[in-house]
Each structure stands twice: as structure tokens, then as C-alpha cells.
């Protein structure tokens, strides 16, 4: 039950902006800049996804970037990604890019394993259980998405998440709750 998905129609662009706003005080307190780039695309305003799971993915990626970025910037981008021609399925691309310490090539295969924490001599000892990226990988899999990472020591990291999201063809097609609590409309 803890991993059960509860998709609903959401404003994904607004959700991503809200999550970034929630992290902004900690990012600024560390002296970092946060840049948020959300494409102004209608398919980001009405998509069917589990907002709690998307929140967990972005929270974990932002926490990871904050932990391993001693100076510089964290950038979050969200935009549509062309998907294979398989009906109404679209893919959305969410990225978290940092100017942090980066990840060595030999450590890449294990970063999504539970309880793995990469220590860097340039940073003070980091807090955490080493579950963040393992949780992200599992959630992205549960959401039917994919992810990739690009990183180099001293050059930062780029985590990319692709999520399938059914866009609402017509916002008036959204399910509407009646006074009795029943939902009407496409389901």
C-alpha cells in the first residue's frame, strides 16, 4: 500500500514550481542559486499523475543536489518530450542539474542501490540513510517512467526523469465531483 499509485488530474507545472519554492529557503541558506525553467505548455497544466509520488521524486532529487552542491546553482527544468506514437501517451521530462561535486564513473553503477552514500572529502560528512536515489528509481519505475544520470567529478550532476502522462484532451472532460461525492466524466 505504501507504493500504491493514486493518479489524478494535476497541474504538473504548478506542482513543480511549488516544490521548488518550498526548497528555496534551504537552498538560499546554503548560498546557492535556484533556477526553475518550466515550459509554458498546456500539456503540463492538466496531466494525470500521482502528485505525491512526483513530489517524492523531486524532493529527493533536490535534497540530493543540495547535499552535494557546496557552491553554485541547482536548476530544475520541466517540459514535454516527444513520445512514441502510441495513442495519447505523452512523456514529460523533469531534470535536476547541479554544479556539485559530481559522481565518479566507477560509482555510477551503485548510486541507485539502497543505503549507498557517496562521501566526498571536499564536503563535510553528509547526513542521510542513502535511500534517496533508490526511492527515486523505484518511484519512477512505479510511475512507468525512466531515468538517466550524467555526472563527472567536480562538474556536477544531471538527473533526468521521463514520465508518461496522459494529457487531458479537453479540460472540460475532467472528472467533476458531485454533491454526493461521486465523480462524473472520463475515468
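In this note's numbering, the protein residues as written are 79 to 265. Every residue, glycine too, gets a C-beta built ideally from N, C-alpha and C.
For residue i, collect the residues of the same chain with a Cβ closer than 6 Å to its Cβ; drop the 5 residues on either side in sequence, then sort them by chain order.
i	result
residue 258	For residue 258, the pLDDT reaches just 45, beneath the cut-off of 50, and the residue's location in the model is therefore unreliable, although a value from the coordinates is still provided. Here the set comprises nothing.
residue 233	180
residue 150	177
residue 122	90 and 91
residue 217	131, 134 and 135
residue 115	155
residue 171	157, 159 and 240
residue 101	140
residue 183	none
Please report the straight-line C-alpha distance between residue i and residue j, rounded to a whole angstrom.
i	j	result
residue 169	residue 225	12 Å
residue 117	residue 181	28 Å
residue 229	residue 120	31 Å
residue 142	residue 124	28 Å
residue 202	residue 99	Unreliable placement is indicated for residue 202, whose pLDDT of 49 sits below 50; the coordinate value is still reported in the next sentence. One C-alpha to the other measures close to 26 Å.
residue 187	residue 144	21 Å
residue 112	residue 227	19 Å
Which two residues bound the contiguous beta strand (DSSP E) that contains residue i?
i	result
residue 88	86-88
residue 157	151-159
residue 130	It is not in any beta strand (DSSP E) - residue 130 instead sits in the alpha helix (DSSP H) that spans 129-145.
residue 116	111-116
residue 227	224-230
With a CB to CB cut of under 7 Å and the five nearest residues on each side skipped, what residues in its chain are close to residue i?
i	result
residue 129	86, 88 and 93
residue 96	none
residue 223	239, 240, 241 and 242
residue 108	144
Looking at C-alpha atoms only, which residue of the options is the closest neighbour of residue i?
i	options	result
residue 103	135, 192, 140 and 91	140
residue 185	98, 113 and 235	235
residue 231	172, 146 and 137	146
residue 148	98, 106 and 95	106
residue 138	113, 173 and 108	173
Am I right that residue i and residue j are in contact with their C-beta atoms under 8 Å? What's the rounded C-beta distance?
i	j	result
residue 127	residue 243	5 Å
residue 175	residue 110	In fact, because the Cβ distance is near 12 Å, the residues do not count as touching under 8 Å.
residue 215	residue 190	4 Å
Check for me: the alpha helix (DSSP H) holding residue i runs from which residue to which?
i	result
residue 213	210-220
Using a Cβ-Cβ cutoff of less than 8 Å, which residues in the same chain neighbour residue i once the five nearest sequence positions on both sides are dropped?
i	result
residue 83	128, 131, 220 and 221
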